[in-house]
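Q: The structure that follows is given in the form of structure tokens.
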Amino acid sequence: MDTIQLILNGMMREALSPQTAAVAIAVIGLNIHFGFTGLLNMGQSGFMLLGAYGFAISIWHDLPMVVGLLFGFGAALIFALILGAPTLKLRGDYLAIVTISAAEIIRYVGRSALLTDFTGSAQGIPGSQYRSSFTGLSFFGSGSFTLIPFNYTDVADGAAWVRVLGWAIAIAIVVVLVLRLRRGGAFNGIAQAALMGLLLVAGVFLLFFLFPVPNQRTGVNGWWVRFVAWGLVLLCTFVVYLLVRSPWGRLLRGIREDEDAIRSLGKNVFSIKMQALIIGGLFGALGGIVYVLPASVQPDSMGRSLTFFCYTALLIGGAATIFGPVLGAVIFFAARIGIKYTAAAYVPDSIMNNQQTEQFSYIVVGVALMLIVIFRPQGILGNKRELRFNV
Amino acid sequence: MVRGVAGLVLALLLTPLIALISSGAANAVDTLCLAEADKTACIAGTLRTEADVVPDVTLTITGPGGFSEEVTTGETGKWNVQVTEPGAYVVKIDEDSLPDDVVTDHPEVTINVGRLGATQAATLDVRTGSYSAESSKFDELVQSTVNGLRLGLLLALASVGLSLIYGTTGLSNFAHAEQVTLGGILGYYLINRGGLSLIVGGILVVVICAFTGWFQDRVLWQPLRRRGLGLTQLMIVTIGLSLALQYCYQYFVGARTVRVVQDNPEVSTFGPITITNQSIVAMAISVVVLAAVGYALLRTRIGRATRAVSDNPALAAASGIDTDKVIRLVWTVAMALAGLSGLLYALVTNGIKWDTGLQILLLLFAAVTLGGLGTAFGALLGALIIGLVVEISPVLGMPGDFKYATALLILILLLLVRPQGLLGKPQRVG
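If you read the sequences in order, they're chains A and B. Okay, so the first sequence: first residue is -10 according to our numbering, each after it adds one. Okay, so the second sequence: first residue is 2 according to our numbering, each after it adds one.
The following block contains the structure:
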């Protein structure tokens, strides 16, 4: 029983971690590219890395945080323009090849010893160099994991009923979310959407208190960064919801389904694709900034694999859906840790040692990605008809 | 160049480890230096030239607090020293103690011992007298051109297959690079661990890789084509396959670099060019195999059928060509070529790692796109260009870190002016 509790705790910690939220934001951006517009952007990690560098380097060199954010977004914007200009008029696989190459160039340049004063080369930029201006904004007190009367790691000393309640809420949230979204019509108006969002936020924040997750009690991994990260996820989801309902959003889908039809209506397809690339890239940059807040800027941790994980998360949740990216990211990270811990706990060391469990979990991720695309390309929430397109 | 860098990285990674596990009691220097937490730290290294390790060389280590100690490299070129204070230490080679044919340009190196309780690797730069680093710019250029051709030929082996798959099925196979890694890793298991001779083992590797290609098409790609899965979705399937394979390799081999053959390769010198004998053989094999593929494509029935499918699958099928059979053959041959490329790559660069393929993948895509997606000869041309650019750009002043970036940058620039690639046909890109 203890082992199971350990595994579940690990999964919950991963599901609620700020880095999961960061990836969710990046996946929301990717969803604009891939899900709504049909752009095969294989360089989302490049956008994330640029955002993170812009943010971290500015603050490291004593610029205010707002300027850091602007630099991060500006870098992503320029990156999108450079990538889009040669490729958006060509067939989709050109964009894929160029974006994956360009993201790697960013990483190589970031790693270069020549730029040690700016990027910290392969070691990266330690979080302590840029984090303080963010943690300084915290209104949650210095404890950072205590919200005035509550203490989210120790409600009732983590008694059994607290755990049961925590799990009941977690399951209920997922079930309600999935059911409402699959039935469709969850978004027949602002009120309905707001209700959904409220349910989600209330549930997640209840979980913070009720679930006795043994978190690292450092100032960077506490309440404040979680709150901001998941708040941003919610905000981004809402922005995307508004965007894709707009006439502009309908144009995106039109381009995905039939570019020539949209062109024949007198729309500038190239410019709309470029706008989509930029907006999705900005979400990517924001995701990158959040990604490095509780950690450090490590070029090698934001390489191709991260892009591939983003795709896996997006396809699990369902491309071209509003909540798909968030659900997908949470499930992706929780499931991976669940697989890893289960393998570590139940497979004897002689067959699989501790390091191999990590690799085993990634093998499962790869196979899962293949199986999802083959057998359920619409993911959990998606609509199969929406994913017949070919880029 | 690649080999040198890989060797250096390997040396950096391995020296602390070797220093820790070597416990030959015969030589005082080979004794274990174990860093004790908060008390002592070790500086260790292996003195080696590009050809061999250098034993019996005296090194003087000076450091903070008047620290000064003399050590002699052991029979395997290893040396280490224990220090008790963090700080900057200078390791100096006593040049009189160097063998006559070994020289050094930088007899001193400064090592920063950041904290106690750790072993610091120190690399000293020595080379044999004949291996002149003072060679002229022109000689350097010649040397790196040869290295570039070598890399280009190896890339060509893999990218011709990638391009043929793209041509016949329209699929950009992201898992292609994992087949390259597979070739090297199979080589490690069969030749290094299994003790097969290089030739028998090499043939076996290629046969197994060809079988994986046949098998993949049989169980995965053909059924998916029949299901009518879109190309985008197929591409994502290859990404999943690539992830799964990468971590499979890491699962079995670990994150270390493994070698196909254990002993150091022999070197030949032609004028300004220094090249390992293995590289010469590898280049010869690549040329022969590529010529054979080219001949088959141009002159044989099945080669013409392949080009017909590549040009227009529907028309090819209508004129009686069994497209499924052609595609099956393309997968088999492409994977065999990729495996051969990986095996040769592991031989000439002295090792293969679980993510070697990942690093090559981008060069492969750059080569294929540069030459024109779907054209086999374009891929060959593109691969040679990419190989040359990667090797020559450092000589022309590009910082070494950026040499891969240069190749990718050229790709992006080319797409701006000639998106169909060098040998591609313009109507297929929009």
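We put the beta carbon where it would ideally sit given N, CA and C, even for glycine.
What are the residues of the region 354 to 365 of chain A that lie near chain B, defined by any Cβ-Cβ distance shorter than 7 Å?
A: Cβ contacts with chain B come from V354, G355, V356, L358, M359, V362 and I363.
Q: From the DSSP output, in three-state form, read off A159(A) for me.
A: Residue state, collapsed to three classes: helix.
Q: In chain order, what residues of the region 90 to 104 of chain A put their CB closer than 8 Å to some CB of chain B?
A: The residues in question are S90, A91, E93, I94, Y97, V98, R100, S101, A102 and L103.
Q: Tell me, please, whether the CB atom of A90(B) is closer than 8 Å to any CB atom in chain A?
A: Checking the sequence shown, residue 90(B) turns out to be Tyr, not Ala. False, the Cβ-Cβ gap to chain A never drops below 8 Å.
Q: In angstroms with no decimal places, state the Cα-to-Cα distance between L225(B) and G214(B).
A: Answer to the nearest angstrom: the Cα atoms are 15 Å apart.
Q: Between S290(A) and L84(A), what straight-line distance do the alpha-carbon atoms span, to the nearest angstrom?
A: Cα to Cα, the separation comes out at about 23 Å.
Q: How close, in whole Å, do the beta carbons of L178(B) and I386(B) come, if the pair is a contact with beta carbons under 8 Å?
A: First, the residue type needs correcting, since residue 178(B) is Ala and not Leu in the sequence shown. In fact, because the Cβ distance is near 19 Å, the residues do not count as touching under 8 Å.
Q: May I ask you to report which of helix, strand or coil DSSP gives F382(A)?
A: With chain A covering -10 to 380 only, the question about residue 382(A) has no answer from this structure.
Q: Enumerate in chain order the residues of its own chain whose CB-to-CB distance from L344(B) is below 8 Å, with the five nearest sequence positions on each side excluded.
A: Taken in chain order, the residues that qualify are G184, G185, L187, G188, G203, V206, V207 and V261.
Q: Would the region 356 to 370 of chain B count as touching the region 381 to 395 of chain B if we require 3 or more Cβ pairs under 8 Å?
A: The region 356 to 370 of chain B is in contact with the region 381 to 395 of chain B.
Q: Quick one: give me the first and last residue of the alpha helix (DSSP H) that D140(B) is part of.
A: That run of the alpha helix (DSSP H) goes K138 to T170.
Q: Between the region 59 to 87 of chain A and chain B, which residues of the former have a C-beta closer than 9 Å to a C-beta of the latter?
A: Under the 9 Å Cβ criterion, the region 59 to 87 of chain A contributes I71, L72, A74, P75, T76, K78, L79, R80, G81, D82, Y83, A85, I86 and V87.
Q: With a CB to CB cut of under 6 Å and the five nearest residues on each side skipped, what residues in its chain are close to T108(A)?
A: Here the set comprises G99.
Q: Measure from the alpha carbon of L70(A) to the alpha carbon of each residue in L59(A), V258(A) and G270(A), then state which is nearest.
A: When each option's Cα is compared against that of L70(A), the closest is G270(A).
Q: State the DSSP-derived secondary structure class of T41(B), mapped to helix, strand or coil.
A: T41(B) falls in the coil class under three-state DSSP.
Q: Determine the direct distance from the alpha carbon of L28(A) to that of P366(A), and round the result to whole angstroms.
A: Using only the alpha carbons, I get a separation of about 16 Å.
Q: When you compare the CB positions of G425(B) and G373(B), do they come within less than 8 Å of one another, or not?
A: Yes. Within cutoff.
Q: Rounded C-beta distance between V104(B) and L125(B)? I'm assuming under 8 Å.
A: That belief does not hold up - the Cβ atoms of V104(B) and L125(B) are roughly 12 Å apart, past 8 Å.
Q: Buried or exposed, going by whether 16 or more other CB atoms sit within 10 Å of the CB of H50(A)?
A: By the neighbour-count rule (16 or more Cβ atoms within 10 Å), H50(A) is not buried but exposed.
Q: Name the two residues that bound the continuous beta strand (DSSP E) containing I320(A).
A: No beta strand (DSSP E) holds I320(A); the alpha helix (DSSP H) holding it covers G313 to Y335.
Q: In chain B, what lies closer than 9 Å to N245(A) by C-beta?
A: Inspection of the sequence shows that residue 245(A) is occupied by Arg rather than by Asn. Those do not exist, as R245(A) stays about 11 Å from chain B at its closest Cβ, beyond 9 Å.
Q: Using 8 Å as the threshold, is the C-beta distance between W332(B) and T182(B) below it?
A: Going by C-beta atoms, W332(B) is not nearer than 8 Å to T182(B).
Q: Given that L126(A) touches chain E, what residues does it touch there, using C-beta distances under 9 Å?
A: No chain E is part of this structure, whose protein chains are labelled A and B.
Q: Using a Cβ-Cβ cut-off of less than 7 Å, give me the residues of the region 370 to 390 of chain B that come near chain A, in sequence order.
A: Here the close residues are T370.
Q: On the CB-based measure, 16 or more other CB atoms within 10 Å of its CB, does S34(A) come out buried or exposed?
A: Result: buried.
Q: Going straight from the alpha carbon of A15(A) to that of G276(A), what length do you get?
A: Looking at the two C-alpha atoms, the distance is approximately 5 Å.
Q: From K79(B), D312(B), L172(B) and A45(B), pick the residue whose C-alpha is nearest to that of D53(B); which is it?
A: Residue K79(B) is the option with its Cα nearest to D53(B).
Q: Is the CB of T258(B) under 8 Å away from at least one CB in chain A?
A: For T258(B), the answer is no, since every Cβ of chain A falls outside 8 Å of its Cβ.
Q: My output table needs one value for G64(B): the three-state DSSP class, helix, strand or coil.
A: Strand.
Q: Output the boundary residues of the alpha helix (DSSP H) element that contains E93(A).
A: From DSSP, the alpha helix (DSSP H) with E93(A) extends over G81 to R100.
Q: Suppose contacts are defined by Cβ-Cβ distances below 8 Å. Is G304(B) in contact with Y167(B) by that definition?
A: Contact flag unset, no.
Q: Anyone know if the C-beta pair for A274(A) and G24(A) falls short of 8 Å?
A: It is not a contact, given that the beta carbons lie outside the stated cut-off.
Q: Could you tell me the alpha carbon to alpha carbon distance between I(-7)(A) and V315(A), rounded to whole angstroms?
A: Cα to Cα, I(-7)(A) sits roughly 25 Å from V315(A).
Q: Give a yes or no on whether the C-beta atoms belonging to L348(B) and L150(B) are separated by under 8 Å.
A: Cβ atoms of L348(B) and L150(B): not closer than 8 Å.
Q: Going along chain A in order, which residues have a C-beta closer than 9 Å to the C-beta of L412(B)?
A: I86, V87 and S90, listed in chain order.
Q: Note down, in chain order, each residue of its chain lying with its Cβ closer than 6 Å to the Cβ of A318(B), except the 5 sequence neighbours on either side.
A: Within the same chain, A318(B) has close Cβ partners T324.
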